[in-house]
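Visitor:
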């Protein structure tokens, strides 16, 4: 009878709510998995201690509660709505809305668990920290408010795995995940994927949008499994290998250890991670083509070549500078390679064994620091899980500048903008120019805001660029071994959290997500006026 | 042009050089620039030598001799050049670049000869700082003789005039008139005249009287005629050199400096229209309003948030702001507390600079307006991908090429700052100082401030650090684009030469 009533329930056409609801169901499932794992972990420990009762202490109940809340809200939102035809404004609203709500609901486990409840932290600070960690996770930024005042390792395996999972879910994209189960979106699905995908254009791997989304997720899962196996073989425990595989493939950078990868101090693990991060930071469409064509197609891609070239050149330059400053060549090369790749792919792991150690780039001389700072801006390749402006956009920017100079010298010549041997459409060139302009304005505005909130200029500027590029660590007081809770005030962290979301969605969806609701309200007001 | 033995002999003996064919436009532009540079430095050196006569005249003989030599050499070079009927844009820009280089090298030689510094690289740095109107000098003012002070001051004055001519007389009217898309900045609002000659004449008719008025005004405050002159030429050129005795501590001098700097950062088109009473729709000019509102609002922000409500602090705040916005670089300090945000604000307005068509550096307010409008258009296009939106300034639509140039200029400016930052950081500057110094160099501004607001003395930097800033100053002074266009042309020339050499080698091989 109930089912009959639900069937008859009139569904309103609201894609934003429908997509958000579906996304929350995935989040709920992630929380449930983590609760089960925490439960099993605790149960295992109890059994080994001789106890037999079911243990629901630790973060099991908080994760369960959060999962139920997400299930209820997500379920209701999905049941009462249906996806409709989408205009551009609706697409931005749907994508922005989904990310905002997922980040908000994603903070619940931390809040219920009291993860950020330490001496002197009020509820407001706990909420802000939970939200920051959630946004940092889903946006794959990797900045954290854990620190010496609240060590990561003092928390349960479930909540830490959930933290890693947020990055994995956010890496490929929540909306891409939603599209895989919503075939009814049809062509609008591509708009949604494009609005969320890193880079100016999204690749289409199949004729159907749903198939494209599923293929992306397939490659992503395979990559994660491969990295996990490699990390386990390199010496990590199963739990750590899985946890780090999740954040390597997603180029997120969260770790289950306070000193991140520095905890293992193992060149083999670092080598595996470097390879994993490079694969995560390169286009997934290339990976797909590789599996189809059975050959390495990456080196033929101009973006990937520049990406590798830049990282290699910077690694060598930093190694040279560090060596000339007294570090042994093997240690210099190891530190340089790991830090260049971790920032070049926007991952944000750290191989520093402690503050001031070889891997702590904030203690290096300024030359290597500024080279790493540039990688904070660059980011990885388009169509990957990495953040930043993207190599492709910078290549087009440089090609555009070169074209302008050529055009001025030969006014009647026709000079298209090239990317490799491919001619780039003028409208795309203009879009990239507009993106870079908006990006620059956001960096300036963000830096001004943070310095007005009493942050020093290097920490503020690098923090803003790091947040916009979803990098993780920054420079100054927010280096790889520092906590963002110490480096920035609570209002500053909220500004950074907003910038992380803006950066993850490549600026426009977050800035324009209010347009559709605003239009809706305006339309209704007009209609009301007309009636009366 | 073939330089046969006979032709060379004719040139050297001034016999029959008029019958020689025209030079290639590139070579002609390049050598005209060099000769103009040599003549300019020769003239300034000679005048400075004469100025030295009012005091001990310790450097007068050296200045007179070197000035005369440079003048003769420059004059001879100028006389043998056979310019073609028309110079292309790239040739003109190459001329400006060679002018800058020859001025830098010859002025450095004079600094070196007169013993101002015993290192040629420091001398070249000082010459670049002077000609590019960047207030990052390492010299101890107390040790300088009046003739040397005048020499570097006059170099700044010429530097200011050069950038004005380039920005307000060359760039706005250059390119193919029938095809606006080929023009670098085709906009009537920026043009001071229909032809280059008219525009240059109009610039001079503003620049010289403005310098003279400021000289009179400064002198009336009682700081002395000579110091007044030095301050006036430094103000009008947005140079920022201050004479001995700290005359800027005088309240009246500060007010005159504020007015002078504001005027120097204003577009000369605006000043020319005001002078000729052709005001038109000047009151509605967005760039002008934004320029003055930036000056006033930032001045008030510094005054209010520094926590010192004295009248002296108000004046000091405006000195700091007008010095930064106009990229002059007069050293000023506010009376109250200097907040870290002030450093960011000052750095930001320094990078932006004054109005387009003024003597100031930076990528100018007009470009900033275009970039903001471009950002808004991009937001609109995200919602309506097929819409056609034109960017307008003062209700006049801009051509896509103008917008493209503004974007490219922004890209190039950031690239110059980035590359300079990397180089100076590798040379030993800390991260913040590297970024700060690079922005100031590219914007031809000074002085550099630490986070706590204290002025940084560039003399404390090592010589490699200072040398890394020189290319940024030159690029920033010549508004980047022209240098790259000239460089592009130079690369093409080299490629063509390489091709012709290869062909000749192939011919020789074939004949063998």
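Protein chains in written order, with the numbering used here: chain A, 1 to 532; chain B, 1001 to 1512.
Don't be surprised by glycine CBs; every beta carbon is placed ideally from N, CA and C.
According to the neighbour-count rule (16 or more other Cβ atoms, all chains shown, within 10 Å of its Cβ), is residue 1251(B) buried or exposed?
Guide: Exposed: under 16 other Cβ atoms inside 10 Å.
Visitor: Near residue 1149(B), what residues of its chain come up, given a Cβ to Cβ distance below 7 Å and the 5 sequence neighbours on each side ignored?
Guide: These residues qualify, in order along the chain: 1230 and 1243.
Visitor: With residue 1470(B) and residue 1128(B) assumed to form a contact (beta carbons below 8 Å), what rounded beta-carbon distance in angstroms separates them?
Guide: Rounded, the Cβ-Cβ distance is 5 Å, consistent with contact.
Visitor: Going along the chain, which unbroken runs of the alpha helix (DSSP H) with 4 or more residues stay wholly within the stretch 1184-1230 of chain B?
Guide: Whole alpha helix (DSSP H) segments, 4+ residues: 1196-1218.
Visitor: Which residues bound the beta strand (DSSP E) around residue 464(A)?
Guide: No beta strand (DSSP E) holds residue 464(A); the alpha helix (DSSP H) holding it covers 457-468.
Visitor: Indicate whether residue 1488(B) and residue 1442(B) have their beta-carbon atoms separated by less than 8 Å.
Guide: Not a contact, by the Cβ cut-off of 8 Å.
Visitor: So which of 299(A), 174(A) and 29(A) has the shortest CA-CA distance to residue 278(A)?
Guide: Per the Cα distances, 299(A).
Visitor: From the DSSP output, read off the bridge partner residues of residue 81(A).
Guide: In DSSP, residue 81(A) forms a bridge with 12(A).
Visitor: What residues match up with residue 1455(B) in a beta bridge as DSSP calls it?
Guide: According to DSSP, residue 1455(B) bridges with 1449(B).
Visitor: Might you give, ordered along the chain, the residues of its own chain that have their beta carbon closer than 8 Å to the beta carbon of residue 1369(B), omitting 5 neighbours on each side?
Guide: Excluding sequence neighbours, residue 1369(B) sits near 1286, 1287, 1290 and 1393.
Visitor: With three or more C-beta pairs closer than 8 Å as the rule, is the stretch 1020-1032 of chain B touching the stretch 1115-1131 of chain B?
Guide: Short answer: they don't touch.
Visitor: Under 8 Å between the Cβ atoms of residue 67(A) and residue 35(A)?
Guide: Against a cut-off of 8 Å, the Cβ pair of residue 35(A) and residue 67(A) comes out as a contact.
Visitor: Does the Cβ of residue 1498(B) have 16 or more other Cβ atoms within 10 Å, making it buried, or fewer, making it exposed?
Guide: When all chains shown are included, residue 1498(B) counts as exposed.
Visitor: Whether or not the stretch 125-142 of chain A and the stretch 222-240 of chain A are in contact is what I'm after, with contact meaning three or more pairs of Cβ atoms, one per stretch, closer than 8 Å; do they touch?
Guide: As far as the Cβ criterion goes, the stretch 222-240 of chain A does not touch the stretch 125-142 of chain A, which means the pair count is below three.
Visitor: Count Cβ pairs between the stretch 501-518 of chain A and the stretch 94-103 of chain A that sit closer than 8 Å; are there 3 or more?
Guide: These segments touch.
Visitor: My output table needs one value for residue 1330(B): the three-state DSSP class, helix, strand or coil.
Guide: Three-state result, residue 1330(B): coil.
Visitor: Anything in chain B within Cβ reach of residue 395(A), meaning under 8 Å, just list it in chain order.
Guide: Within 8 Å Cβ-Cβ: nothing; residue 395(A) doesn't reach chain B, min ~12 Å.
Visitor: Can you find a C-beta in chain B that's less than 8 Å from the C-beta of residue 367(A)?
Guide: At least one chain B Cβ lies under 8 Å of residue 367(A).
Visitor: Taking 8 Å as the threshold (beta carbon to beta carbon), is residue 451(A) in contact with chain B?
Guide: Chain B, which has a Cβ nearer than 8 Å to the Cβ of residue 451(A), makes this yes.
Visitor: Can a CB atom of chain A be found closer than 8 Å to the CB of residue 1375(B)?
Guide: So yes, residue 1375(B) belongs to the interface.
Visitor: With a threshold of 8 Å between beta-carbons, can residue 505(A) be considered close to chain B, or not?
Guide: No, because no Cβ of chain B sits closer than 8 Å to the Cβ of residue 505(A).
Visitor: Would you kindly check if the distance between the Cβ of residue 128(A) and the Cβ of residue 179(A) is under 8 Å?
Guide: Cβ distance not < 8 Å, so residue 179(A) and residue 128(A) don't count as in contact.
Visitor: Going along chain A in order, which residues have a C-beta closer than 9 Å to the C-beta of residue 1405(B)?
Guide: Neighbours of residue 1405(B) on chain A, chain order: 404 and 408.
Visitor: Quick check on residue 1499(B): does DSSP put it in helix, strand or coil?
Guide: Helix, per DSSP.
Visitor: Out of 455(A), 524(A) and 362(A), which has the shortest C-alpha to C-alpha gap to residue 493(A)?
Guide: Nearest option by C-alpha distance: 455(A).
Visitor: So, helix, strand or coil for residue 1292(B), using DSSP?
Guide: Of the three classes helix, strand and coil, the one that applies to residue 1292(B) here is helix, per DSSP.
Visitor: Quick check on this structure: which residue in 1420(B), 1371(B) and 1056(B) has the alpha carbon closest to the alpha carbon of residue 1145(B)?
Guide: The option with the nearest alpha carbon to residue 1145(B) is 1056(B).
Visitor: Can you tell me where the beta strand (DSSP E) with residue 1440(B) in it begins and where it stops?
Guide: Per DSSP, residue 1440(B) belongs to no beta strand (DSSP E); it is in the alpha helix (DSSP H), 1431-1442.
Visitor: Taking the alpha helix (DSSP H) that residue 595(A) belongs to, which residues open and close that run?
Guide: No statement about residue 595(A) is possible, as the shown extent of chain A runs from 1 to 532 and does not include it.
Visitor: Ignoring anything shorter than 4 residues or poking outside the stretch 1376-1402 of chain B, list the alpha helix (DSSP H) runs there in chain order.
Guide: The qualifying runs do not exist here; there are none.
Visitor: Return yes when the Cβ of residue 1327(B) is within less than 8 Å of the Cβ of residue 1360(B), no when it is not.
Guide: Their beta carbons are under 8 Å apart, which means residue 1360(B) touches residue 1327(B) by this criterion.
Visitor: Report the rounded CA-to-CA distance for residue 396(A) versus residue 415(A), giving the unit in angstroms.
Guide: When rounded, the distance between both Cα atoms is 13 Å.
Visitor: Closest Cβ-Cβ distance between residue 370(A) and chain B: below 8 Å?
Guide: Yes, because at least one Cβ of chain B sits closer than 8 Å to the Cβ of residue 370(A).
Visitor: So for residue 390(A), helix, strand or coil by DSSP?
Guide: Residue 390(A) falls in the coil class under three-state DSSP.
Visitor: Name the residue from 1207(B), 1069(B), 1141(B) and 1118(B) whose alpha carbon lies nearest to the alpha carbon of residue 1161(B).
Guide: If we check each option's Cα against that of residue 1161(B), 1207(B) comes out closest.
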